[in-house]
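Engineer: Provided herewith is a single structure, encoded as structure tokens, for subsequent inquiry.
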Amino acid sequence: MKTLRSLLAAAGIGRRGSRKPVISADDPELVVVVRSYDDTEPASTALERATGWDPEAPAVLRHHLALPGDVVDTVTAVLAQDEWVVRPGGRAEELSVPELRPLVALRVQRLDALHCSQESSRMAGLAQRHGGGAFGWDALQPASE
């Protein structure tokens with residue numbers, strides 16, 4: 374028998390923070406509000422110096438990756454399990470990494486230093502295990518008026 378909590382969760386009712394954020398990664402009005410391309414920089418430092426970042430609003434978090442073409446589908450499937458979307462392009466395009474495809478892994482979420490750090494570490498490890506690299510992250514939100 375299902376518990377009340379599981380029934381409420383299935384209906385999308387429950388914890389206050391569990392609602393899906395309302396923002397689209399394809400919104401052309403989004404602007405970069407924070408970036409961290411130095412893997413030695415703590416996410417907390419990047420967020421402290423961010424301009425225009427609203428910590429209460431959802432953002433599109435983008436991790437810049439470069440991967441061999443033959444592993445892109447595998448990595449995409451792994452990341453899709455946690456609602457990440459992988460698209461061509463990103464910062465690695467500018468770095469001209471030979472024989473690797475420049476990609477961005479993106480997801481809509483609220484930003485905080487802990488989760489940015491955890492996801493950066495995860496992306497770096499995943500890319501490295503598949504013969505690629507991670508080249509930092511940035512986040513986008515609607516431009517403040």
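Note that the sequence shown covers residues 374 to 518 in our numbering.
Ideal Cβ positions, reconstructed from N, Cα and C, are used throughout, including at glycine.
How big is the Cα-Cα spacing for LEU452 and ASP443?
Structural biologist: If you draw a straight line from the Cα of LEU452 to the Cα of ASP443, it is about 16 Å long.
Engineer: On a CA-only basis, which of ARG483, GLY509, GLU456 and LEU487 is nearest HIS436? Give me that one, please.
Structural biologist: Of ARG483, GLY509, GLU456 and LEU487, the smallest CA-CA separation from HIS436 is found for GLY509.
Engineer: DSSP on SER409, reduced to helix/strand/coil?
Structural biologist: strand
Engineer: Looking at C-alpha atoms only, which residue of LEU476, PRO475 and GLU492 is the closest neighbour of ARG483?
Structural biologist: Nearest to ARG483 by C-alpha distance, out of LEU476, PRO475 and GLU492, is GLU492.
Engineer: Please name the residue in HIS503, THR449 and TRP426 whose C-alpha comes closest to that of PRO441.
Structural biologist: HIS503
Engineer: Please return the same chain residues whose Cβ sits closer than 7 Å to the Cβ of GLU456, not counting the five positions on each side in sequence.
Structural biologist: The answer, listed in chain order, is ARG480.
Engineer: Name the residue from LEU473, ALA486 and ASP427 whose alpha carbon lies nearest to the alpha carbon of ALA416.
Structural biologist: ALA486
Engineer: Helix, strand or coil, according to DSSP, for ARG388 in the structure here?
Structural biologist: Reliability fails at ARG388, whose pLDDT of 47 lies under 50, so the model's placement of it is uncertain and the value that follows must be treated cautiously. Looking at ARG388 - three-state DSSP - the assignment turns out to be coil, as it is neither helix nor strand.
Engineer: Whole angstroms are fine: how far does the CA of ALA465 sit from the CA of PRO471?
Structural biologist: 10 Å
Engineer: Would you call the CB atoms of VAL433 and LEU476 closer than 8 Å?
Structural biologist: no
Engineer: Bridge partners for ALA478 per DSSP, in chain order?
Structural biologist: HIS436 and VAL459
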